[in-house]
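Asks: Here the sequence shown is numbered in the UniProt record's numbering, starting from 1 and rising by one per residue.
This structure is in structure tokens; I'll ask about it shortly.
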Amino acid sequence: MQYSEKLAITKEAVMLFKGLMVTRVMPSFYIFVMLISLPLNALALVTFTCKIRVKKPAVIFMSHLACVDLLFTLLLPLKIHYQLNASDWVFGEVACRLLSVAYYCNIYCSILLMMCISVDRLLAVAFPIASLTWRSPRKATCVCVLVWLLALAGMVPTLLARQTANVKNVGVTCFDVLQRHGFSMQFYLYFFTIIPCIYFFLPLVVILVSYSIIIYVLCVKPTHLTTSSSPHKERRAVIMATAVLIEFVMCFAPSNGILLYRCIHLNTGGTKAVDTHAAYLLAVCLGSSSVFLDPLLYYYGSSQYRQQISSVFWGRKAERAKPQSSTNTQTAAL
Numbered sequence: 001m002q003y004s005e006k007l008a009i010t011k012e013a014v015m016l017f018k019g020l021m022v023t024r025v026m027p028s029f030y031i032f033v034m035l036i037s038l039p040l041n042a043l044a045l046v047t048f049t050c051k052i053r054v055k056k057p058a059v060i061f062m063s064h065l066a067c068v069d070l071l072f073t074l075l076l077p078l079k080i081h082y083q084l085n086a087s088d089w090v091f092g093e094v095a096c097r098l099l100s101v102a103y104y105c106n107i108y109c110s111i112l113l114m115m116c117i118s119v120d121r122l123l124a125v126a127f128p129i130a131s132l133t134w135r136s137p138r139k140a141t142c143v144c145v146l147v148w149l150l151a152l153a154g155m156v157p158t159l160l161a162r163q164t165a166n167v168k169n170v171g172v173t174c175f176d177v178l179q180r181h182g183f184s185m186q187f188y189l190y191f192f193t194i195i196p197c198i199y200f201f202l203p204l205v206v207i208l209v210s211y212s213i214i215i216y217v218l219c220v221k222p223t224h225l226t227t228s229s230s231p232h233k234e235r236r237a238v239i240m241a242t243a244v245l246i247e248f249v250m251c252f253a254p255s256n257g258i259l260l261y262r263c264i265h266l267n268t269g270g271t272k273a274v275d276t277h278a279a280y281l282l283a284v285c286l287g288s289s290s291v292f293l294d295p296l297l298y299y300y301g302s303s304q305y306r307q308q309i310s311s312v313f314w315g316r317k318a319e320r321a322k323p324q325s326s327t328n329t330q331t332a333a334l
């Protein structure tokens with residue numbers, strides 16, 4: 001693409017895009033994430049699709065989450081190349097748009113799937129019998145399709161808008177520099193004010209409520225559970241629920257909070273956005289750790305899943321689960 005003129009940005013912004021944090025620290029962290037996430041999620045996806053024959057709703061949700069995390073991981077080499085190249089994008093406008101859309105679509109798709117998993121677990125724990133008709137594989141599949149469509153729909157404006165800019169003393173940036181005039185800039189400010197509210201803060205409320213009720217049921221109301229469930233399993237389920245909640249907040253709250261603050265700040269007449277953009281880039285980078293934390297917490301934290309993993313590596317058939325009480329099913333779902 002030919003650019004008629006180069007955009008001028010502040011010296012601080014140039015130092016950010018050319019600095020050590022963006023060109024060395026962040027790519028190194030992305031490489032670390034990619035090396036861990038790729039085998040974990042690939043193995044999880046193979047296990048969910050090929051080794052587990054009974055596709056319960058939890059399995060369907062987690063298989064889609066593994067797919068999303070794997071796709072996100074496969075996009076990281078482009079992100080790594082861009083930053084190692086001192087924020088100079090060499091793959092063209094179309095590739096930049098596709099990367100931006102796919103990158104953020106996967107993030108918000110992951111958030112929505114985590115919300116679905118939390119609701120599914122809430123139903124399994126709080127309403128184990130009544131929810132049997134609601135928690136069907138067909139309904140879970142329909143919900144996953146809806147999640148993908150919602151995530152894609154939210155990124156359509158990003159796909160239609162120009163993402164690259166030829167910046168003086170930097171090169172061609174991708175999704176880092178937006179022009180300060182015209183419709184596109186104002187549109188983006190409103191757009192990225194709404195997106196975090198719909199795709200993060202709303203799911204955050206649902207997840208907080210769901211896991212809070214789960215922990216309450218398991219800890220405060222032991223009479224809700226049958227006596228066949230051991231205290232160890234209940235305690236382990238509570239720990240897992242707490243860990244998942246902490247992971248969600250730590251990985252996604254900083255980037256979405258900073259994005260919302262930044263857009264509101266610029267909408268109200270603020271001009272200095274370099275510091276918030278640096279914080280946002282760092283928060284997004286650290287938030288990418290969710291792609292390898294997800295399999296560790298959601299999949300490998302389950303004893304049933306570990307049995308399936310052993311069958312993948314050593315050819316052992318997973319032991320058939322013995323008939324369990326409703327409470328055992330509840331805690332196993334966590």
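Note that CB positions come from ideal geometry on N, CA and C, so glycine has one too.
Which stretch, first to last residue, makes up the alpha helix (DSSP H) that contains residue 158?
Replies: 156-160 is the extent of the alpha helix (DSSP H) around residue 158.
Asks: Cα separation between residue 326 and residue 44?
Replies: A caution first: residue 326 carries a pLDDT of 43, below 50, which makes its placement in the model too unreliable to give a value.
Asks: Would you list the one or two residues that DSSP bridges to residue 172?
Replies: Residue 172 is bridged to 166.
Asks: Among the candidates 131, 29, 191, 40, whose CA atom is the shortest distance from the CA of residue 260?
Replies: Residue 260 has its Cα closest to that of 191, out of 131, 29, 191, 40.
Asks: If residue 163 sits next to residue 93, beta carbons under 8 angstroms apart, how far is it from one beta carbon to the other, in whole angstroms?
Replies: Contact flag correct, Cβ pair sits at about 7 angstroms.
Asks: Rounding to the nearest angstrom, what Cα-Cα distance links residue 285 and residue 308 in this structure?
Replies: Residue 285 and residue 308: Cα-Cα distance of roughly 32 angstroms.
Asks: Excluding five sequence neighbours on each side, which residues of the same chain lie with their C-beta closer than 6 angstroms to the C-beta of residue 106?
Replies: Excluding positions up to five away in sequence, the list reads 68, 71, 72.
Asks: When you compare each of 296, 80, 266, 193 to residue 244 by their alpha carbons, which one comes out closest?
Replies: When only C-alpha atoms are compared, the closest one is 296.
Asks: Quick check: what's the CA-CA separation for residue 174 versus residue 156?
Replies: Each residue's Cα considered, the two are about 17 angstroms apart.
Asks: Distance, Cα to Cα, residue 253 vs residue 37?
Replies: Answer to the nearest angstrom: the Cα atoms are 21 angstroms apart.
Asks: If we ignore side chains and look at the alpha-carbon of each, how far apart do residue 87 and residue 172 end up?
Replies: Cα to Cα, residue 87 sits roughly 7 angstroms from residue 172.
Asks: So, using beta-carbon positions, are residue 16 and residue 278 closer together than 8 angstroms?
Replies: Contact flag set, yes.
Asks: Out of 161, 11, 127, 126, which one is the CA nearest neighbour of residue 95?
Replies: Of 161, 11, 127, 126, the residue nearest in Cα terms is 161.
Asks: What residues are listed by DSSP as bridge partners for residue 286?
Replies: Answer is none; residue 286 lacks a bridge partner.
Asks: Check this for me: beta carbons of residue 290 and residue 247, under 8 angstroms apart or not?
Replies: A contact, by the Cβ cut-off of 8 angstroms.
Asks: So, are the CB atoms of residue 7 and residue 166 less than 8 angstroms apart?
Replies: Cβ distance < 8 angstroms, so residue 7 and residue 166 count as in contact.
Asks: Do residue 203 and residue 256 have their CB atoms nearer than 8 angstroms?
Replies: It is not a contact, given that the beta carbons lie outside the stated cut-off.
Asks: Output yes or no for whether 8 angstroms exceeds the beta carbon distance between residue 151 and residue 116.
Replies: Contact flag unset, no.
Asks: Taking 8 angstroms as the cut-off, does the segment 75-84 touch the segment 20-27 (at least 3 CB pairs, one atom from each stretch)?
Replies: Output reads yes: the segment 75-84 touches the segment 20-27.
Asks: CA-CA distance, residue 97 and residue 132?
Replies: Between residue 97 and residue 132, the C-alpha separation is close to 42 angstroms.
Asks: Can you give me the C-alpha to C-alpha distance between residue 101 and residue 287, rounded to a whole angstrom?
Replies: The alpha-carbon atoms of residue 101 and residue 287 are separated by roughly 17 angstroms.
Asks: So who's on the other strand from residue 7, going by DSSP bridges?
Replies: Answer is 167.
Asks: Would you please verify whether the beta carbon of residue 35 is less than 8 angstroms from any beta carbon of chain B?
Replies: Of the protein chains in the structure, only one exists, and it is not chain B.
Asks: Grouping DSSP H, G and I as helix and E and B as strand, with all else coil, what is residue 133?
Replies: Coil, per DSSP.
Asks: Taking only three categories from DSSP, how would you classify residue 183?
Replies: Confidence at residue 183 is low in this model, with a pLDDT of 49, below 50, so the placement of that residue is unreliable and no value is reported for it.
Asks: Would DSSP call residue 152 helix, strand or coil?
Replies: Helix at residue 152.
Asks: By the DSSP assignment, the alpha helix (DSSP H) with residue 69 in it spans what residues?
Replies: Residue 69 -> alpha helix (DSSP H) spans 57-84.
Asks: Helix, strand or coil for residue 198, going by three-state DSSP, please let me know.
Replies: Helix, per DSSP.
Asks: So the candidates are 74, 217, 40; which of them puts its Cα closest to the Cα of residue 103?
Replies: Measuring from the Cα of residue 103, the nearest candidate turns out to be 74.
Asks: Just the C-alpha distance for residue 335 and residue 91, rounded to the nearest angstrom, thanks.
Replies: Outside the shown range of the chain (1 to 334) lies residue 335, about which nothing can therefore be said.
Asks: Can you grab the Cα-Cα spacing for the pair residue 59 / residue 170, in whole Å?
Replies: Cα to Cα, the separation comes out at about 46 angstroms.
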